[in-house]
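Written below as structure tokens is the structure these notes are about.
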């Protein structure tokens, strides 16, 4: 298995082979990497990182904490950081031991050196400047603390469309084609959200891993034909190792 692709290692981008991918996708058969839950790679690392008594900072989760209360280890302290106090307060009762309203790209001194684990799921594409945000994450961790971040890629098909279309148009399309709740759609900047740029942010960390994730077809579920064409394109990026074009990235880092 190739850690970059989450599928069998291959450099076969032969048009005939890709035509087979298209044909299968038109029949509803997706590549093997679609066989598990789309956020399973992230969730598996989160489960492995959880230990009793730890302090966890959840960045940008608002009304939907990354780790539900009943899935947390005993004795942990769970703090939510979000731009919107309203979003934090909309979370299920007891979701957070502490709620902090603030921007991850602006340092909050009282959070420094407090946490064993920082989590964020599908938030950092909305953050700018990303370099400042990553430095703040590192400052909030205790020595040896870990950060697990999942974010969208700048050069994914939907990332490019998101930047080309007016925000209002994007909200309309996501609501009517993808079924997204408009209240959960926020402007995205995709600042440095591609493989090479993300890797360059790891210089001050003791460990810094960036894993491309190819699972972008859910945005195109409104049409089997459109989805099949997208999956074929995505398969080409996988096989030719176009890591800067991945739709998602998982960052696993240690302070």
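Numbering (my numbering), first residue to last: 1 to 255. We treat Cβ as the ideally placed atom computed from N, Cα and C, and that holds for glycine. From a predicted model like this one, the values you see are computed outputs, not experimental measurements.
I need the boundaries of the beta strand (DSSP E) containing residue i, first residue and last residue.
i: residue 99; result: 98-101
i: residue 142; result: 141-152
i: residue 69; result: Counting along the chain, residue 69 falls outside any beta strand (DSSP E), and DSSP gives it neither H nor E.
i: residue 112; result: Per DSSP, residue 112 belongs to no beta strand (DSSP E) and is neither H nor E.
i: residue 195; result: Taken as a continuous stretch (DSSP letters only), residue 195 belongs to no beta strand (DSSP E), being part of the alpha helix (DSSP H) at 195-199.
i: residue 250; result: 248-254
Quick check on residue i - is its C-beta less than 7 Å from some C-beta in chain B?
i: residue 78; result: Chain labels in this structure do not include chain B; a single protein chain is all it has.
Answer with buried or exposed for residue i, where buried requires no fewer than 16 other C-beta atoms within 10 angstroms of its C-beta.
i: residue 37; result: exposed
i: residue 97; result: exposed
i: residue 28; result: exposed
i: residue 161; result: exposed
i: residue 159; result: buried
i: residue 235; result: buried
i: residue 184; result: Residue confidence for residue 184 is low, a pLDDT of 49 falling below 50, so the modelled location carries little weight; the figure read from the coordinates is stated next. Exposed: under 16 other Cβ atoms inside 10 Å.
i: residue 53; result: exposed
i: residue 62; result: buried
i: residue 215; result: buried
Using the C-alpha atoms, what's the distance from residue j back to residue i?
i: residue 152; j: residue 207; result: 21 Å
i: residue 244; j: residue 224; result: 26 Å
i: residue 11; j: residue 109; result: Annotation note: pLDDT 47 at residue 11 (below 50); position unreliable, coordinate value reported separately. When rounded, the distance between both Cα atoms is 47 Å.
i: residue 193; j: residue 20; result: 31 Å
i: residue 94; j: residue 69; result: 8 Å
i: residue 253; j: residue 221; result: 33 Å
i: residue 242; j: residue 231; result: 14 Å
i: residue 33; j: residue 239; result: 13 Å
i: residue 90; j: residue 23; result: 44 Å
i: residue 41; j: residue 202; result: 20 Å
i: residue 144; j: residue 255; result: 5 Å
i: residue 134; j: residue 209; result: 13 Å
i: residue 112; j: residue 233; result: 43 Å
i: residue 43; j: residue 137; result: 19 Å
i: residue 226; j: residue 18; result: 15 Å
Taking 7 Å as the cut-off, decide whether the C-beta atoms of residue i and residue j are in contact.
i: residue 73; j: residue 51; result: yes
i: residue 196; j: residue 49; result: no
i: residue 211; j: residue 250; result: yes
i: residue 141; j: residue 115; result: yes
i: residue 58; j: residue 119; result: yes
i: residue 191; j: residue 92; result: no
i: residue 126; j: residue 188; result: yes
i: residue 26; j: residue 228; result: yes
i: residue 76; j: residue 104; result: no
i: residue 102; j: residue 88; result: no
i: residue 247; j: residue 156; result: yes
i: residue 124; j: residue 66; result: no
What three-state label does DSSP hand residue i in the structure shown?
i: residue 120; result: strand
i: residue 190; result: coil
i: residue 55; result: strand
i: residue 213; result: strand
i: residue 208; result: strand
i: residue 37; result: coil
i: residue 60; result: coil
i: residue 134; result: helix
i: residue 155; result: coil
Which residues mark the beginning and the end of the alpha helix (DSSP H) in which residue i is found?
i: residue 78; result: Note, residue 78: premise wrong, no alpha helix (DSSP H); beta strand (DSSP E) at 77-82.
i: residue 219; result: Residue 219 -> no alpha helix (DSSP H), and no H or E assigned at all.
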